[in-house]
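K.L.:
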Amino acid sequence: QVTLKESGPGILQPSQTLSLTCTFSGFSLSTYGMGVGWIRQPSGKGLEWLANIWWDDDKYYNPSLKNRLTISKDTSNNQAFLKITNVDTADTATYYCARIAGYGGLFAYWGQGTLVTVSS
Amino acid sequence: DVVLTQTPSTLSATIGQSVSISCRSSQSLLDSAGNTYLYWYLQRPGQSPQLLIYLVSNLGSGVPNRFSGSGSGTDFTLKISGVEAEDLGVYYCMQATHAPPLTFGSGTKLEIK
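Residue numbers (the numbering used here), protein chains in the order written: chain D, 1 to 120; chain P, 1001 to 1113.
Below is the structure:
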């Protein structure tokens, strides 16, 4: 059974760094073709893709935020991470992580999401 | 970036009615290897999105066969043949052909009359 769960700070102040953790089970990020992606959704709005990391440590970022994003993984502990630097109120959103199992399984499983609020 | 335009933005249907949602891309989603990376997701109220269709027309695991996807190039369609109450929510198309970035459509909200 594949599960993913996001965790984050809940609330942080502008200019701080947002650190998110995706803890998953039911698959391994050391397996060929596997990956984890991060997607966010402001309240009442649409989905925005942020970044993907693959089993071979290949990483892809949304160019609109690339300079602020860092994705990484801890294969031994079944976790993936996303850092966003210099946050502002526009980064307030629910952040999801989702499993990638090749291009036939792109975001086939999602976590429940974690709400992050940026406020002074 | 590839822009995906979904129409309509809102759809109202009765139970049992068949409906279609269009997703048009600003450029062809066919890559040089002959693959088309177009996906459909459903986000039910208060829930995370779920994968319905992958690679244009393949049904996701556990997805009822009343859902179907079709299309090619720049024009794609999600069809629900016989809407059920549990189908309400927001439908998103997403492309991964011209990535990064992966891009999503703006969504189509399905309401049940």
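From the three backbone atoms N, C-alpha and C, an ideal C-beta is built for every residue, glycine too.
Please read all numbers here as calculations on a predicted model, not as lab measurements.
Please state if the CB of D/Gly26 and the CB of D/Asn52 are separated by a distance shorter than 8 Å.
P.N.:
Indexing the first sequence from 1 puts residue 52 of chain D at position 52. Indexing the first sequence from 1 puts residue 26 of chain D at position 26. For D/Asn52 and D/Gly26, no; Cβs fall outside 8 Å.
K.L.:
Does any residue of chain D bring its CB to less than 8 Å from the CB of P/Ala1013?
P.N.:
To locate residue 1013 of chain P, count along the second sequence from 1; it is residue 13. No, P/Ala1013 lies away from the interface with chain D (no Cβ there is under 8 Å from its Cβ).
K.L.:
Taking the beta strand (DSSP E) that P/Val1090 falls in, what are its first and last residues?
P.N.:
Against the second sequence, residue 1090 of chain P aligns to sequence position 90. That run of the beta strand (DSSP E) goes Gly1089 to Gln1095.
K.L.:
For P/Gln1027, count the other beta carbons within 10 Å of its own beta carbon; 16 or more makes it buried, fewer makes it exposed. Which is it?
P.N.:
On the second sequence, position 27 is the one that residue 1027 of chain P refers to. Under this definition P/Gln1027 is an exposed residue.
K.L.:
For P/Tyr1054, tell me which candidate among P/Asn1035, P/Leu1110 and P/Gln1017 has the shortest Cα-Cα distance.
P.N.:
Translated into positions along the second sequence, residue 1054 of chain P becomes position 54. Nearest of P/Asn1035, P/Leu1110 and P/Gln1017 to P/Tyr1054, Cα basis: P/Asn1035.
K.L.:
Out of P/Gly1046, P/Leu1051 and P/Gln1047, point me to the one whose CA is closest to D/Phe107's CA.
P.N.:
Sequence index remark: in the first sequence, residue 107 of chain D carries index 107 (1-based). Of the listed residues, the one whose Cα sits closest to D/Phe107 is P/Leu1051.
K.L.:
Which residues in chain P have a C-beta closer than 7 Å to the C-beta of D/Gln1? List them in chain order.
P.N.:
The sequence position of residue 1 of chain D within the first sequence is 1, counting from 1. None at all; the shortest Cβ gap to chain P is about 12 Å.
K.L.:
Quick one: is P/Phe1202 near chain D, going by C-beta distance under 8 Å?
P.N.:
For chain P, the structure presents residues 1001 to 1113; residue 1202 of chain P sits outside this window and is missing.
K.L.:
Starting from the Cα of P/Ser1022, find the closest Cα among P/Asp1075, P/Leu1029, P/Ser1106 and P/Leu1011 and give me that residue.
P.N.:
What you label residue 1022 of chain P is simply residue 22 of the second sequence in a count that begins at 1. When each option's Cα is compared against that of P/Ser1022, the closest is P/Asp1075.
K.L.:
In its own chain, which residues sit with a C-beta less than 7 Å from the C-beta of P/Gly975, not counting the 5 before and 5 after it?
P.N.:
Given a span of 1001 to 1113 for chain P in the structure shown, any question on residue 975 of chain P remains unanswerable.
K.L.:
CA-CA distance, P/Tyr1041 and D/Leu47?
P.N.:
Mapped onto the second sequence, residue 1041 of chain P falls at position 41. Mapped onto the first sequence, residue 47 of chain D falls at position 47. Roughly 11 Å between the two C-alpha positions.
K.L.:
Taking any Cβ of chain D, which residues in the stretch 1097–1113 of chain P have a Cβ under 9 Å from it, in chain order?
P.N.:
Against chain D - using a Cβ distance shorter than 9 Å - the residues of the stretch 1097–1113 of chain P are Ala1099, Pro1100, Pro1101, Leu1102, Thr1103, Phe1104, Gly1105, Ser1106 and Gly1107.
K.L.:
For the beta strand (DSSP E) that contains D/Ser7, what are its first and last residues?
P.N.:
Within the first sequence, residue 7 of chain D is the residue found at index 7, counting from 1. It spans Thr3 to Ser7 - the beta strand (DSSP E) in which D/Ser7 sits, taken as one unbroken run.
K.L.:
Any idea which residues DSSP pairs D/Val116 with across the strands?
P.N.:
As a working note, residue 116 of chain D is residue 116 in the first sequence. BP columns for D/Val116 point to D/Ala93.
K.L.:
Could you name the residues of chain P that D/Gln16 contacts, counting a contact when the two beta carbons are closer than 8 Å?
P.N.:
On the first sequence, position 16 is the one that residue 16 of chain D refers to. Ordered by position in chain P, no residue passes the 8 Å Cβ test against D/Gln16, which lies about 24 Å from the chain.
K.L.:
Please report the straight-line C-alpha distance between D/Gly111 and P/Val1090, rounded to a whole angstrom.
P.N.:
What you label residue 111 of chain D is simply residue 111 of the first sequence in a count that begins at 1. What you label residue 1090 of chain P is simply residue 90 of the second sequence in a count that begins at 1. Approximately 17 Å, taken between the alpha carbons.
K.L.:
Determine the direct distance from the alpha carbon of P/Gln1095 to that of D/Thr17, and round the result to whole angstroms.
P.N.:
The residue labelled residue 17 of chain D in the question sits at position 17 within the first sequence. The residue labelled residue 1095 of chain P in the question sits at position 95 within the second sequence. When rounded, the distance between both Cα atoms is 29 Å.
K.L.:
Since D/Ile160 and D/Trp38 are thought to touch, with beta carbons under 8 Å apart, how far apart are those beta carbons, to the nearest angstrom?
P.N.:
Nothing about residue 160 of chain D can be read from this structure; chain D reaches only from 1 to 120.
K.L.:
Starting from P/Asp1075, follow the beta strand (DSSP E) in both directions and report where the run begins and ends.
P.N.:
Residue 1075 of chain P sits at position 75 when you count from the first residue of the second sequence. Here the beta strand (DSSP E) through P/Asp1075 covers Asp1075 to Ile1080.
K.L.:
Could you name the residues of the same chain whose beta carbon sits closer than 8 Å to that of P/Val1002, not counting the 5 residues immediately before and after it, in chain order?
P.N.:
As a first step, residue 1002 of chain P is located in the second sequence; it is residue number 2 there, counting from the start. Ser1025, Ser1026, Gln1027, Leu1029, Gln1095, Thr1097, His1098 and Thr1103, listed in sequence order.
K.L.:
Starting from the beta carbon of P/Pro1049, find every residue of chain D whose beta carbon is closer than 9 Å, and list them in chain order.
P.N.:
Taking the first residue of the second sequence as 1, we reach residue 1049 of chain P at position 49. What P/Pro1049 touches in chain D: Ile39, Gln41, Leu47, Tyr96, Ala98, Phe107 and Trp110.
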